[in-house]
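Beneath this line is the structure, given in structure tokens, with notes to follow.
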Amino acid sequence: MRSQLEAANALQNLPYDIKWGRVPGRRGRWRKPSTRAPWTRGIIGDAPLLFALANGAPVKLLPWIKATRRGTAVLVSPGSTLKSGADLKGKRIATGKGSIGHFVALKALEQAGISPKEVQWVFLGPVDAKVALLNGSVDAWATWEPYTTQMVKTNEGQILVSGKGLLPGNTFLAATDSALNDPHKRAALQDYLQRLAGAERWAYANLDSYGKTLGEIIRFPAEIARAQFANRQSQWQPLAEETVAQQQATADFYLANGLIRTRLDVKPTFDRRFSVPAAEVTL
Numbered sequence: 001m002r003s004q005l006e007a008a009n010a011l012q013n014l015p016y017d018i019k020w021g022r023v024p025g026r027r028g029r030w031r032k033p034s035t036r037a038p039w040t041r042g043i044i045g046d047a048p049l050l051f052a053l054a055n056g057a058p059v060k061l062l063p064w065i066k067a068t069r070r071g072t073a074v075l076v077s078p079g080s081t082l083k084s085g086a087d088l089k090g091k092r093i094a095t096g097k098g099s100i101g102h103f104v105a106l107k108a109l110e111q112a113g114i115s116p117k118e119v120q121w122v123f124l125g126p127v128d129a130k131v132a133l134l135n136g137s138v139d140a141w142a143t144w145e146p147y148t149t150q151m152v153k154t155n156e157g158q159i160l161v162s163g164k165g166l167l168p169g170n171t172f173l174a175a176t177d178s179a180l181n182d183p184h185k186r187a188a189l190q191d192y193l194q195r196l197a198g199a200e201r202w203a204y205a206n207l208d209s210y211g212k213t214l215g216e217i218i219r220f221p222a223e224i225a226r227a228q229f230a231n232r233q234s235q236w237q238p239l240a241e242e243t244v245a246q247q248q249a250t251a252d253f254y255l256a257n258g259l260i261r262t263r264l265d266v267k268p269t270f271d272r273r274f275s276v277p278a279a280e281v282t283l
């Protein structure tokens, strides 16, 4: 999101400071903007966010981004004998534990009627997982963007199973309870959300320019950065009951597969004070 805000010049006249950070192995970034004191907010995918909530993270979910999940996928080498999800039985799958990649791999196995116990899990970060797939020490890599687009465009990998139709495609803006309980910080968050929505619309209208900025920030070629963003077809949305139901279904799926130990009621984790569709805001 930093790349969108910077490329769209949406950080002008900010009434608060922003310190940027990135969480390794996750699909989102966490930020520490401040008005009077440091606090935390971030963009994170539905699956890893549930993993964090189940481990006691004191955060709430705000308006969200709906996107296609084609780029969240199980990849194999171009010469692989695996042709469908049904061929994953008995194979070695690399991914990050609790990540969106883990989620798509589990859903692919479920769709194929394969138990998670019938494959060999190799939990690695993206860099090591890519190496493992390229050198043949694993049979598949369950990952996300921009790695999927990079692997396909460089002919180092191909999509075996895509998350499109398997996953909800939700990514959330999340903030700490302490930040949300502060009126000044809550107002800053609403302003930030509006800037994000407007910047995203600008990015889709200026893909070439945005792809260059994004590539510089994530350290990927501009062509890869542009392509993976264009494929996402994302848009900010207000919270809806369907979103809550999808998040609950994902939490229950994680429980059934042993990734969380107790059932998580997701309803209290949503903050509905940010229900205005910020996507209507333009720059």
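So the sequence shown is numbered by the UniProt record's numbering: it starts at 1 and just counts up by one. In this text, a Cβ means the ideal position worked out from N, Cα and C, and glycines have one as well. Computed from a prediction, not measured in an experiment: that's the story for all the values here.
Check, Outcome
"Who are the near neighbours of threonine 149 in its chain, counting only those whose CB is closer than 8 Å to its CB and skipping five residues on each side?", "Gly71, Ile224, Ala227, Gln228 and Asn231"
"Hey, quick one: how far does the beta strand (DSSP E) through leucine 75 stretch, first residue to last?", "73-76"
"Could you please give the first and the last residue of the uninterrupted beta strand (DSSP E) stretch that includes glycine 176?", "According to the sequence as given, residue 176 is threonine; it is not glycine. Taken as a continuous stretch (DSSP letters only), the beta strand (DSSP E) holding threonine 176 covers 170-176."
"In whole angstroms, give me the CA-to-CA distance for alanine 129 and serine 178.", "36 Å"
"Measuring CA to CA, which of Ala7, Thr171, Gly136 and Leu14 is closest to glutamate 156?", "Gly136"
"Beta strand (DSSP E) containing leucine 160: first to last residue?", "158-162"
"What residues match up with threonine 213 in a beta bridge as DSSP calls it?", "Looking at the DSSP assignment, threonine 213 forms no beta bridge with any residue, so it has no partner."
"Assuming threonine 171 and isoleucine 18 form a contact by the criterion Cβ under 8 Å, report the distance between their Cβ atoms to the nearest whole angstrom.", "Not really, about 19 Å apart at Cβ, beyond 8 Å."
"Using the Cα positions of leucine 87 and serine 3, report the straight-line distance between them to the nearest angstrom.", "A small fix is needed here, since residue 87 is aspartate in this sequence, not leucine. Each residue's alpha carbon lies about 38 Å from the other."
"Would the beta-carbon of leucine 75 fall within 8 Å of that of leucine 133?", "yes"
"Check whether the stretch 138-147 and the stretch 87-106 are in contact - that is, three or more C-beta pairs closer than 8 Å.", "yes"
"Taking the straight line between their C-alpha atoms, what separation do you get for alanine 245 and glycine 101?", "21 Å"
"Which of the three DSSP states is assigned to aspartate 17 in this structure?", "strand"
"From Leu239, Asp252 and Trp202, pick the residue whose C-alpha is nearest to that of methionine 1; which is it?", "Trp202"
"Roughly how many whole angstroms lie between the Cα atoms of phenylalanine 51 and glycine 165?", "22 Å"
"So the candidates are Glu110, Leu124, Leu61 and Gly258; which of them puts its Cα closest to the Cα of alanine 240?", "Leu61"
"Since proline 183 is in the alpha helix (DSSP H), which residue starts that stretch and which ends it?", "183-205"
"When DSSP builds the beta bridges, which residues end up paired with glutamine 237?", "Trp64"
"How is the beta strand (DSSP E) around valine 122 delimited, first residue to last?", "120-123"
"Which same chain residues end up closer than 6 Å to asparagine 206 when comparing Cβ atoms and leaving out the 5 residues on each side of it in sequence?", "none"
"Going by DSSP, name the residue or residues bridged to alanine 142.", "Val74"
"Within 10 Å of its beta-carbon, does glycine 56 have 16 or more other beta-carbons around it, so buried, or fewer, so exposed?", "exposed"
"Taking a contact to mean a Cβ-Cβ separation below 8 Å, would you say alanine 73 touches valine 161 in this structure?", "yes"
"Tryptophan 30 to lysine 89, Cα distance in whole Å?", "Here the model assigns tryptophan 30 a pLDDT of 36, short of 50, so the residue's position is not dependable, and the following value carries that caveat. For tryptophan 30 and lysine 89, the distance between alpha carbons rounds to 36 Å."
"Between the C-alpha atoms of lysine 185 and proline 116, what's the straight-line distance to the nearest angstrom?", "43 Å"
"Quick one: grab the DSSP three-state call for valine 127.", "helix"
"Candidates Leu173, Gly96 and Ser84: which alpha carbon is nearest alanine 42's?", "Here residue 42 is glycine; the residue named in the question, alanine, does not match the sequence. The shortest Cα separation from glycine 42 among Leu173, Gly96 and Ser84 belongs to Leu173."
"Run through DSSP, which three-state label would glycine 25 get?", "Reliability fails at glycine 25, whose pLDDT of 49 lies under 50, so the model's placement of it is uncertain and the value that follows must be treated cautiously. DSSP places glycine 25 in coil when its eight states are reduced to three."
"Quick one: Cα of tyrosine 16 to Cα of leucine 196, how far?", "15 Å"
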